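A.B. asks: After the structure tokens below, expect a handful of questions from me.
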Amino acid sequence: MPKNLKDFRGKEPIFIDANIFLHHAFDVNPVSVEFLKKVESFDLKAYTSAL
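Per our numbering, the very first residue in the sequence shown carries number 7; after that it's consecutive.
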């Protein structure tokens with residue numbers, strides 16, 4: 007599995023934690039923002055936890 011979000015191609019589902027949402031909310035990491043755009047457009051399949 008790629009270690010960098012920009013290298014992830016989405017062949018398998020990925021678990022994402024709260025940090026990526028914080029990066030997106032504050033636009034502090036363009037890679038995180040782009041990653042979540044791919045999830046939103048269903049180009050990637052991602053899961054998170056309600057905990």
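Quick reminder that beta carbons are idealized off the backbone N, C-alpha and C, glycines included.
From a predicted model like this one, the values you see are computed outputs, not experimental measurements.
Quick one: Cα of SER55 to Cα of ASP13, how far?
C.D. replies: Start at 1 with the first residue of the sequence shown, and residue 55 comes out as number 49. Start at 1 with the first residue of the sequence shown, and residue 13 comes out as number 7. Their backbone Cα atoms lie some 23 Å apart in a straight line.
A.B. asks: Report yes if the C-beta distance between LYS44 and PRO19 is below 7 Å; otherwise report no.
C.D. replies: Here residue 44 corresponds to residue number 38 of the sequence shown, with the count starting at 1. Here residue 19 corresponds to residue number 13 of the sequence shown, with the count starting at 1. Contact: no.
A.B. asks: Beta-carbon separation of VAL37 and LEU11 under 7 Å?
C.D. replies: Locating residue 37 in the sequence shown gives position 31, counting from the first residue. Locating residue 11 in the sequence shown gives position 5, counting from the first residue. Against a cut-off of 7 Å, the Cβ pair of LEU11 and VAL37 comes out as a contact.
A.B. asks: What number of angstroms, rounded off, separates the C-alpha of ILE22 from the C-alpha of LEU28?
C.D. replies: Here residue 22 corresponds to residue number 16 of the sequence shown, with the count starting at 1. Here residue 28 corresponds to residue number 22 of the sequence shown, with the count starting at 1. Roughly 12 Å between the two C-alpha positions.
A.B. asks: Which one of ARG15, VAL39, LEU57 has the shortest CA to CA distance from LEU26?
C.D. replies: For the purposes of this step, residue 26 is identified with residue 20 of the sequence shown, where counting begins at 1. Looking at the sequence itself, residue 26 is Ile, so the reference to Leu does not match. Nearest of ARG15, VAL39, LEU57 to ILE26, Cα basis: VAL39.
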